[in-house]
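Undergrad:
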Amino acid sequence: GAGVSQSPSNKVTEKGKDVELRCDPISGHTALYWYRQSLGQGLEFLIYFQGNSAPDKSGLPSDRFSAERTGGSVSTLTIQRTQQEDSAVYLCASSFTGSSGNTIYFGEGSWLTVV
Amino acid sequence: EDQVTQSPEALRLQEGESSSLNCSYTVSGLRGLFWYRQDPGKGPEFLFTLYSAGEEKEKERLKATLTKKESFLHITAPKPEDSATYLCAVPPDSGYALNFGKGTSLLVTP
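Sequence lines, in order, name chains U and P.
So the first sequence is numbered by the numbering used here: it starts at 778 and just counts up by one.
So the second sequence is numbered by the numbering used here: it starts at 228 and just counts up by one.
#1: Span of the beta strand (DSSP E) holding I881/U?
#2: If you check the beta carbons only, do Y812/U and L823/U fall under 8 Å apart?
#3: For chain U, find out if any of its Cβ atoms is closer than 8 Å to the Cβ of R258/P; answer yes or no.
#4: Between which two residues does the beta strand (DSSP E) containing T847/U stretch?
#5: Kindly identify the DSSP beta-bridge partner or partners of Y825/U.
#6: Per DSSP, what are the beta-bridge partners of V335/P in this structure?
#7: From this set, V231/P, E236/P, T232/P, Q230/P, which residue's C-alpha is nearest L333/P's C-alpha?
#8: In whole angstroms, give me the CA-to-CA distance for G875/U and S830/U.
#9: Under DSSP, the beta strand (DSSP E) around S246/P begins and ends at which residues?
#10: Could you check what DSSP says for E287/P in three-state terms: helix, strand or coil?
#11: Under the three-state reduction of DSSP, which class applies to Q860/U: helix, strand or coil?
#12: By DSSP, does E282/P sit in helix, in strand, or in coil?
#13: Go ahead and pull the three-state DSSP assignment for E272/P.
#14: Using a C-beta to C-beta distance shorter than 8 Å, which residues of chain U count as neighbours of P318/P?
#15: In chain order, what are the residue ranges of uninterrupted beta strand (DSSP E) at least 3 long that sit wholly in the stretch 291-328 of chain P?
#16: Tell me, please, whether the CB atom of P271/P is closer than 8 Å to any CB atom in chain U?
#17: Measure the CB-CB distance between Y252/P and V317/P and report whether it falls below 8 Å.
#18: Output the distance between the C-alpha atoms of W888/U and S786/U, rounded to the nearest integer angstrom.
#19: Could you confirm whether any beta carbon from chain P is found closer than 8 Å to the beta carbon of I881/U?
#20: Who are the neighbours of D833/U on chain P, taking C-beta pairs under 8 Å?
#21: Is G886/U close to chain P, meaning its C-beta is less than 8 Å from at least one C-beta of that chain?
#22: Please return the same chain residues whose Cβ sits closer than 7 Å to the Cβ of V891/U, not counting the five positions on each side in sequence.
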């Protein structure tokens, strides 16, 4: 596609429910990243994929968070048993390769509100 | 330890009033410094990448410069449509994903 596509754009869920957020990267990009941005805060790195593998999961805040990538393309971020502190914008980004210095391009984000 | 620090946190300018935003970094081996613009409710939009001290890049009213310890984003004769949050980022000493500063929120009033 022309850009990074994320869905849903907005999600309101009840505390304790599971949510899935989807990311479709730019066609041909092998590297994919998930970030989180809370209100008034900076971008917090969550996980990095190279192809279908995740060599860096160091930013996942707890074992309630998981992500997978299939076919070297679409990725899904799953949050189990959501908590109010999970409310944030979840941003997906992709780059042509995972080499440092490569430009990463962001989607518009999925806004998650846990009530 | 924060690797990227941006200042000021917020900046209000009148239309046409030029200024500069600062981004300082502490990585030992710089492998690129990135500037992004983020509008409310949107994802960050890529502006520039700088790789070596002395490098400059321009786009419309924006010019980014790089030294060995910091980068500046100069805004010349800004317009209200330049209002946004400007983010800078660097790759960490080890790892893959960019580390972002907290951003400078710029408001340009008519």
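Cβ coordinates follow ideal geometry from the N, Cα and C atoms, glycine included.
TA: The relevant details are as follows:
#1: It is not in any beta strand (DSSP E) - I881/U carries neither H nor E in the DSSP assignment.
#2: yes
#3: yes
#4: Counting along the chain, T847/U falls outside any beta strand (DSSP E), and DSSP gives it neither H nor E.
#5: Y810/U, D833/U
#6: L240/P
#7: E236/P
#8: 12 Å
#9: 246-252
#10: coil
#11: coil
#12: coil
#13: strand
#14: When 8 Å is used as the limit between beta carbons, P318/P is near these residues of chain U: S877, G878, in chain order.
#15: 297-302, 311-317
#16: yes
#17: yes
#18: 6 Å
#19: Chain P, which has a Cβ nearer than 8 Å to the Cβ of I881/U, makes this yes.
#20: G322, Y323, A324
#21: Taking Cβ atoms only, chain P reaches closer than 8 Å to G886/U, which makes this a yes.
#22: Answer for V891/U: T790, K792, T859, Q860, Q861, D863, S864, listed in chain order.
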